[in-house]
Every structure is written in structure tokens, then in C-alpha cells.
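Below is one structure, written out as C-alpha cells; the observations come after it.
Residue numbers (our numbering): 53 to 127.
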């Protein structure tokens, strides 16, 4: 495995309908407004989202997310 790439998996349980959660998550440029660990976020020209996270490590983590399936009703 490339030492510069990481894979994270997490499961969040939220008290909101899936469509409402999806609507918030598909606006990465707004993440810093509600997610304190996000230092900056943007939508890339390709439509992906990129965010820079503050971490306990001695460096920030930059994450790029690409949509592989679109199903707002399912979350």
C-alpha cells in the first residue's frame, strides 16, 4: 500500500432524513461552517469535493471525495 494514501471508513447515525443529510453533504464548500475540524473545503472543476482537515497528527489531511453513485433518497 502507498504510504501516502489512507482509507477511512466511518458510520454516522443522524437524526435527520437521508435526503436532508445528502443535501448538506453535497455542498463541500460549506463544511467549514458546521464542521470545526475542516480548515477549508472546495468543489473541484471535476465536481469532486476536496477538504483539508485539522488532525492530531503533525500535519493536515487533505481528502478528495468523488461521487460514484447518486441516490439522495437513500442517503
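Where is the CB? At the ideal position from N, CA and C, for every residue including glycine.
Taking the Cβ atoms as the reference, residue 101 lies roughly 5 Å from residue 117, within the contact range of under 8 Å.
The continuous stretches of alpha helix (DSSP H) do not include residue 126, and DSSP gives it neither H nor E. Counting only runs of 3+ residues, the beta strand (DSSP E) found wholly inside the stretch 80 to 106 occupies 90 to 95, 101 to 105, in chain order. Distance from the CA atom of residue 94 to the CA atom of residue 86, rounded to whole angstroms, is 14 Å. Note on geometry: alpha-carbon atoms of residue 106 and residue 113 lie some 7 Å from one another.
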